[in-house]
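What follows is a set of notes on a single structure, which appears directly below.
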Amino acid sequence: MSQLYTQPDLFLQERIPHKPYCKDFKEAPMLVRSYAAAIKRRYIQVNPPHLRVFMLFDLDYERAGVAWAEKKVPTTSWPR
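Position 59, counted from 1, in the sequence shown is what the numbering used here calls 64; the numbers after and before it change by one each time, with no gaps.
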């Protein structure tokens with residue numbers, strides 16, 4: 006059975022890089038910061054450079070949370 010993650014789980018220190026890239030504005034340059042500093046930023050790298058664990062989507066429209074079900078997209082099958 007697939008393990009489901011909640012949003013707070015995504016940002017646990019052991020899940021993201023030790024010094025992730027981060028920034029506050031899309032136009033700003035990416036900064037490498039400690040976890041403690043990066044977690045306070047608006048945009049933060051959640052995957053290590055060599056691996057893709059999470060795919061995050063920022064969907065800013067009504068009913069975006071159920072869009073996958075309405076479009077009949079399969080649920081995630083990884084991680085197991």
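Ideal placement from N, C-alpha and C gives every residue a C-beta, glycine not left out. The model shown is predicted, which means the values in this text are computed figures rather than measured ones.
- For a cut-off of 8 Å, the C-beta gap from PHE62 to LEU15 is around 12 Å, too long to register as a contact.
- Here ALA43 is buried: its Cβ has 16 or more other Cβ atoms, across all protein chains shown, within 10 Å.
- Counting C-beta atoms within 10 angstroms of its own C-beta, PRO25 has 16 or more neighbours from the protein chains shown and is therefore classed as buried.
- Counted as a single uninterrupted DSSP element, the alpha helix (DSSP H) harbouring TYR40 occupies residues 40–43.
- Residue range 26–28 is occupied by the beta strand (DSSP E) that includes LYS28.
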